[in-house]
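Have a look at the structure below, then the notes.
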DNA sequence: ATCGAAGTTCGACCAACGTCGTAGTACGGT
DNA sequence: ACCGTACTACGACGTTGGTCGAACTTCGAT
């Protein structure tokens, strides 16, 4: 048995880089819960399981927020076992909107 | 009679730099109409009258959007005569969230 | 085969938001 | 003094969005 890389699971559908719209990204980042998720993911390049994110809300609400972030193109998620590991789409966002993510993350908590 | 600078009118109340919150800024930028306003103002450092902005919506809706942008700290407005001239708070935004505005403005129209 | 853990889906509810029309205010020009 | 222009304030309406609980699915482990 080998250690499976976080990128080794089944990827959930997500928008292509060319399909990411700035309005959707901004709307996704505007919510406090989702912004907290993004800040957390920014410090964990290898990804984090859904259950470890946004513990202040219920599981169903958590799912809703992660769906929103994924649909906007902010995060990508892979299913490994019973878990789903999410991580920031930093490369795509930096390529499309250089400075945006850094600017957001520079904001005081 | 001299040409009055756009900064010479009576300034409307706006949040201090220290009061600007990233969530409010992102929420303000997330709306298509307001994003259009910001893009327009980005190309006019000297400011633009309300009536020349967001012509796709009614005057009352326009006022609502400009109020939202001002309350979020994205724009500042001065009243000169019967007009109100709005301009981007570029310095403040760049100081608080370096790269954010540039990233947003880099997005394709 | 069964159980538990991890997420999802569905439906409901309430708050917040974008939109408008109408009425109102404030200022400049005639 | 009057009028028109520029913008605002208010109230209404429909839509969207965040929240939850309950029921369901899927997978790994025992």
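Protein chains in written order, with our numbering: chain A, 16 to 124; chain B, 16 to 124. Every residue, glycine too, gets a C-beta built ideally from N, C-alpha and C.
Check your understanding: Once you ignore the five residues that flank residue 52(B) on each side, which residues in its own chain have a CB closer than 6 Å to its CB?
Key -> 68, 69
Check your understanding: Is the distance from the Cβ of residue 121(B) to the Cβ of residue 111(A) below 9 Å?
Key -> yes
Review point. Can the beta-carbon of residue 60(A) be found less than 9 Å from the beta-carbon of residue 105(A)?
Key: Going by beta carbons, residue 60(A) and residue 105(A) fall inside the 9 Å limit.
Point to revise | Interface residues of the segment 30 to 60 of chain A facing chain B [CB-CB below 7 Å] | key: 37, 38, 41, 42, 44, 45, 47, 50
Check your understanding: At least one CB of chain B closer than 9 Å to the CB of residue 15(A): is that the case?
Key -> Residue 15(A) is absent from the model: chain A starts at 16 and stops at 124.
Practice item. With 9 Å as the threshold, decide whether the Cβ of residue 111(B) is near any Cβ in chain A. Key: Answer yes: the Cβ-Cβ gap between residue 111(B) and chain A drops below 9 Å somewhere.
Point to revise | Same chain, Cβ closer than 6 Å to residue 32(A), neighbours up to 5 away in sequence not counted | key: In chain order, 107 place their CB closer than 6 Å to the CB of residue 32(A), counting only its own chain and leaving out the 5 sequence neighbours on each side.
Practice item. Answer with buried or exposed for residue 41(A), where buried requires no fewer than 16 other C-beta atoms within 10 angstroms of its C-beta. Key: buried
Point to revise | Option in 39(A), 96(A), 81(A) with minimal Cα separation from residue 55(A) | key: 81(A)
Review point. Roughly how far, in whole angstroms, is the beta-carbon of residue 119(A) from the beta-carbon of residue 37(B), given that I think they are within contact range, below 8 Å?
Key: 6 Å
Review point. What's the call for residue 114(B), buried or exposed, on a 16-neighbour Cβ count within 10 Å?
Key: buried
Practice item. For residue 118(A), decide whether its Cβ has a neighbour in chain B, counting only Cβ atoms nearer than 9 Å. Key: yes
Point to revise | Buried or exposed (CB count within 10 angstroms, at least 16 for buried), residue 92(B) | key: Around the Cβ of residue 92(B), a 10 Å sphere holds 16 or more other Cβ atoms; the residue is buried.
Check your understanding: To which residues of the same chain is residue 96(B) closer than 6 Å at the C-beta, ignoring the five residues directly before and after it?
Key -> none
Check your understanding: Counting contacts by CB-CB distance shorter than 9 Å, is residue 122(B) in contact with chain A?
Key -> yes
Check your understanding: When the distance is taken between beta carbons, is residue 45(A) closer than 9 Å to residue 98(A)?
Key -> no
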